[in-house]
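S.K.: Protein chains in written order, with the working numbering: chain A, 1 to 207; chain B, 1001 to 1201.
Glycine included, every Cβ here is placed at the ideal spot set by N, Cα and C.
Only a predicted model underlies this, so the values are computations on that prediction, with no experimental measurement involved.
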Amino acid sequence: MHGKRQCRLLFAAGGLALASLCAGSLASGEERRLTGFMLTSTSFKDGGMMPGKAAAGLPCGLKGPNISPQLGWSNPPAGTKSFAIVEYSEEGGAGLGTWMNDYSHGVGDVNLVVYGIPASVTSLTEGELSKPSPNYVGGKNRFGQTNWRGMCAPPGASAPHHYLFKMFATDLDPKALPPGLTHPELVKRLEGHALDAAVIVGLYTNP
Amino acid sequence: MFGKRQTKFAVGAGAAVLAVSAIAPGTKAVEAPPQTGFMMTSATFKDGEMLPARIAFTKTAQVPFCVGENISPQLAWSNPPPGVKSYALTMVDQEGGGGVGDFDLVAYGIPANVTSFAEGDLNKPSDKFVGGKNVWNTFTWRGMCPPAGTAPHHYVFKVVATDLDPKDLPPGLTYEELQGRIKGHAKGATALVGTFVRPKI
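Listed below in structure tokens is the structure:
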């Protein structure tokens, strides 16, 4: 949305410097111009089908080798110190996956939660998120796993599920957050620290 | 989602049910609901493609850089899961609010016999939906108006099928409040994603 809304997270921090930055852009009547922060993948196209090799394996009865897709990003906002990535299915959890990740009830359809990616890292190779790497700190996905969990759409769903990859550019030091945060915990910790976000959507249907 | 997760969700629907399941190890797990092919479509845009400018928000004194006519898109859905009594429909700008998401449309209490909205239907109150409160404190469609200098933003349209009576929820719920009220009542969901970037003017 437009500049005013973009200030919401910054204000949430209560940080004077950030608040004044935001207020300044409003007072001048000028919108804050963003930098064109963008997330891309060589493994799939935005809005296109994801490759079967990224799908989950045995736990959901599929034969996918669970190889995380390549991800690359460019034009982060000034002041970015680290990145975070979450990936989830919009349709999962009966549509509540992204809404209410209540882990105590097992609801939630978040397949990937990673953060603490240093600002100097601008891509992750295929498979890099399938195992621990110095390039990221592993959070906890819906299965309690700290790295990539591939797609696992239910058989019989005629409409492909939408898997949304969202990258946050943050002003947090790469070591600022402890390992093992869940998606809602991460979002809470990012309040006041998310400078911008970039999204790419892949589709998948269980063959 | 695969079957096991959906089972957990169904069990989570009621504390009593959950408790009974937990203390009865011999009890067979609830079967995952059959996938009916619940699917949303739009005549206004194609999944994964650019949204037309006519559904974007309109230029005003406060937002002179918005470029559209604010006409809500046509949406339709089919093959809902069994037991649906009402639908909820939301539209979220995923990159908005620094990535927390901007909630541009919050509608619910859509009776089970309503399976489509014509273009413009969501611009005015009607008996086909109960208006929740979007981030702009309005109760109807609020079109896209991304900031300058962004890559295309992703707008997720989602219909959630629920077992709630169309009159169960009060008007004016925010997105977060709706989440809480639907929990335990969602039977399935279908989504479409459109993108939009401010044209150069």
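Do you know offhand how far SER89/A's Cα is from ARG149/A's?
M.R.: By one-based count along the first sequence, residue 89/A stands at place 89. By one-based count along the first sequence, residue 149/A stands at place 149. Each residue's alpha carbon lies about 12 Å from the other.
S.K.: I'd like to know if GLY1068/B contacts chain A, where contact means its C-beta is closer than 8 Å to some C-beta of that chain.
M.R.: Taking the second sequence and counting its residues from 1, one reaches residue 1068/B at position 68. No, GLY1068/B lies away from the interface with chain A (no Cβ there is under 8 Å from its Cβ).
S.K.: Could you pull out every unbroken alpha helix (DSSP H) segment of at least 4 residues lying fully inside the region 1131-1160 of chain B, listed in chain order?
M.R.: DSSP runs (the alpha helix (DSSP H)) wholly in the region 1131-1160 of chain B: none.
S.K.: Please state whether DSSP places TYR1175/B in a helix, a strand or coil.
M.R.: Position 175 of the second sequence, counted from the start, is the residue given in the question as residue 1175/B. TYR1175/B falls in the helix class under three-state DSSP.
S.K.: Can you tell me whether GLY144/A is helix, strand or coil according to DSSP?
M.R.: Here the question's residue 144/A lines up with position 144 in the first sequence. Here GLY144/A sits in coil by DSSP.
S.K.: When you compare the CB of MET38/A with every CB in chain B, is at least one pair closer than 8 Å?
M.R.: Residue mapping note: residue 38/A aligns to position 38 of the first sequence, counting from 1. At least one chain B Cβ lies under 8 Å of MET38/A.
S.K.: For VAL1079/B, which residues of its own chain have a beta-carbon under 8 Å away from its beta-carbon, when the five flanking residues on both sides are left out?
M.R.: Indexing the second sequence from 1 puts residue 1079/B at position 79. Before going on, a small fix: residue 1079/B reads as Asn here, not Val. If we look at ASN1079/B and ignore the five residues flanking it on each side, its Cβ neighbours are THR1036, GLY1037, PHE1038 and MET1039.
S.K.: Classify PRO77/A: buried if its beta carbon has 16 or more other beta carbons within 10 angstroms, exposed otherwise.
M.R.: Locating residue 77/A in the first sequence gives position 77, where the first residue counts as 1. Per the 10 Å Cβ criterion, buried.
S.K.: Determine, using beta carbons only, whether SER1086/B and TRP1141/B come nearer to each other than 8 Å.
M.R.: Taking the second sequence and counting its residues from 1, the one referred to as residue 1086/B is at position 86. Taking the second sequence and counting its residues from 1, the one referred to as residue 1141/B is at position 141. Not a contact, by the Cβ cut-off of 8 Å.
S.K.: Quick one: which residues of the region 1146-1159 of chain B get their C-beta closer than 9 Å to a C-beta of chain A? List them in chain order.
M.R.: Answer in chain order: PRO1146, PRO1147, ALA1148, GLY1149, THR1150, ALA1151, PRO1152, HIS1153, HIS1154, VAL1156, LYS1158 and VAL1159.
S.K.: Following the continuous alpha helix (DSSP H) through HIS183/A, name the residue where it begins and the one where it ends.
M.R.: Locating residue 183/A in the first sequence gives position 183, counting from the first residue. Looking at the DSSP string, the run of the alpha helix (DSSP H) that includes HIS183/A is 183-190.
S.K.: Who are the near neighbours of SER74/A in its chain, counting only those whose CB is closer than 6 Å to its CB and skipping five residues on each side?
M.R.: Stepping through the first sequence from its first residue, residue 74/A is reached at position 74. Same-chain partners within the cutoff: MET38.
S.K.: Return the CA-CA distance between ALA198/A and PHE168/A, expressed in angstroms with no decimal places.
M.R.: For the purposes of this step, residue 198/A is taken as the residue at position 198 of the first sequence. For the purposes of this step, residue 168/A is taken as the residue at position 168 of the first sequence. For ALA198/A and PHE168/A, the distance between alpha carbons rounds to 7 Å.
S.K.: If contact means a Cβ-Cβ distance below 8 Å, which residues of the region 1079-1099 of chain B contact chain A?
M.R.: Of all residues in the region 1079-1099 of chain B, ASN1079, ASP1093, GLN1094, GLU1095, GLY1096, GLY1097, GLY1098 and GLY1099 have a Cβ within less than 8 Å of some Cβ in chain A.
S.K.: Restricting to Cα atoms, I'd like to know which of ARG33/A, PRO118/A, LYS175/A and PRO51/A is closest to GLY272/A.
M.R.: Only positions 1 to 207 of chain A appear in the structure, and residue 272/A is not among them; the question remains open.
S.K.: Secondary structure at ALA1053/B, three-state DSSP: helix, strand or coil?
M.R.: The residue given as residue 1053/B occupies position 53 in the second sequence. Helix.
S.K.: Whole angstroms are fine: how far does the CA of PRO134/A sit from the CA of ILE1055/B?
M.R.: Position 55 of the second sequence holds residue 1055/B. Position 134 of the first sequence holds residue 134/A. Straight-line Cα distance between these residues: approximately 44 Å.
S.K.: Buried or exposed: which applies to PRO1064/B, given that a residue is buried once 16 or more other Cβ atoms fall within 10 Å of its Cβ?
M.R.: For the purposes of this step, residue 1064/B is taken as residue 64 along the second sequence, with counting starting at 1. So PRO1064/B counts as exposed.
S.K.: Strictly under 8 Å for the Cβ-Cβ distance: is GLY1037/B near chain A by that measure?
M.R.: Here residue 1037/B is taken as the residue at index 37 of the second sequence, counted from 1. So yes, GLY1037/B belongs to the interface.
S.K.: Specify the secondary structure class of ASP1121/B as computed by DSSP and reduced to three states.
M.R.: For the purposes of this step, residue 1121/B is identified with residue 121 of the second sequence, where counting begins at 1. Note: ASP1121/B maps to helix in three-state DSSP.
S.K.: What is the C-beta distance between GLY93/A and HIS161/A, in whole angstroms, given that I count them as a contact (C-beta under 8 Å)?
M.R.: By 1-based counting over the first sequence, the position of residue 93/A is 93. By 1-based counting over the first sequence, the position of residue 161/A is 161. The Cβ separation is near 11 Å, so there is no contact.
S.K.: Out of VAL201/A, ILE200/A and ASP196/A, which has the shortest C-alpha to C-alpha gap to THR35/A?
M.R.: For the purposes of this step, residue 35/A is identified with residue 35 of the first sequence, where counting begins at 1. Nearest C-alpha to THR35/A: ASP196/A.
S.K.: So, for LYS131/A: in the same chain, excluding its five sequence neighbours on each side, which residues have a beta-carbon less than 7 Å away from its beta-carbon?
M.R.: Within the first sequence, numbered from 1, the residue matching residue 131/A stands at position 131. Once the five neighbours on either side are set aside, the close Cβ partners of LYS131/A are ASN147.
S.K.: Determine contact between the region 1130-1139 of chain B and the region 1179-1188 of chain B, defined as no fewer than three beta-carbon pairs at a distance below 8 Å.
M.R.: The answer is no - the region 1179-1188 of chain B does not touch the region 1130-1139 of chain B, with fewer than three Cβ pairs under 8 Å.
S.K.: What are the start and end residues of the beta strand (DSSP E) that includes SER1190/B?
M.R.: If you number the second sequence from 1, residue 1190/B lands on position 190. The sequence given here has Thr at residue 1190/B, not Ser. 1186-1196 is the span of the beta strand (DSSP E), which, as asked, contains THR1190/B.
S.K.: Is LYS1028/B close to chain A, meaning its C-beta is less than 8 Å from at least one C-beta of that chain?
M.R.: Taking the second sequence and counting its residues from 1, the one referred to as residue 1028/B is at position 28. Only weak support exists for where LYS1028/B lies, its pLDDT of 35 falling under 50; the coordinates are left without a value.
S.K.: If I measure Cβ to Cβ from LYS1128/B and keep anything under 8 Å in the same chain, skipping five residues before and after, which residues do I get?
M.R.: Within the second sequence, the letter at position 128 stands for residue 1128/B. The answer, listed in chain order, is ILE1110, PRO1111, VAL1114, PHE1117 and ASP1121.
S.K.: Enumerate in chain order the residues of its own chain whose CB-to-CB distance from VAL1197/B is below 6 Å, with the five nearest sequence positions on each side excluded.
M.R.: Taking the first residue of the second sequence as 1, we reach residue 1197/B at position 197. Closer than 6 Å at Cβ, skipping near neighbours: PRO1152.
S.K.: Which residues in chain B sit within 8 Å of GLY47/A, going by Cβ to Cβ distance?
M.R.: Numbered from 1 along the first sequence, position 47 holds the residue referred to as residue 47/A. The contacting residues are ASP1047, GLY1048, GLU1049, VAL1193 and THR1195.
S.K.: Give every residue of the same chain whose Cβ lies closer than 8 Å to the Cβ of SER68/A, excluding the five residues on either side of it in the sequence, and list them in chain order.
M.R.: Within the first sequence, residue 68/A is the residue found at index 68, counting from 1. Taken in chain order, the residues that qualify are ALA54, LEU112, LEU124, GLU126, GLY127, GLU128, LEU129, SER130, ASN147, TRP148 and GLY150.
S.K.: ASP109/A: buried (16+ other C-beta within 10 angstroms of its C-beta) or exposed?
M.R.: Here residue 109/A refers to the residue found at position 109 of the first sequence. Per the 10 Å Cβ criterion, buried.
S.K.: Which value, in whole angstroms, describes the spacing of the CA atoms of TYR1108/B and VAL1092/B?
M.R.: In the second sequence, the residue the question calls residue 1108/B occupies position 108. In the second sequence, the residue the question calls residue 1092/B occupies position 92. Each residue's Cα considered, the two are about 15 Å apart.
S.K.: Applying a beta-carbon distance threshold of less than 7 Å, which residues of chain A neighbour ALA1118/B?
M.R.: As a first step, residue 1118/B is located in the second sequence; it is residue number 118 there, counting from the start. The contacting residues do not exist; ALA1118/B stays about 21 Å from chain A at best.
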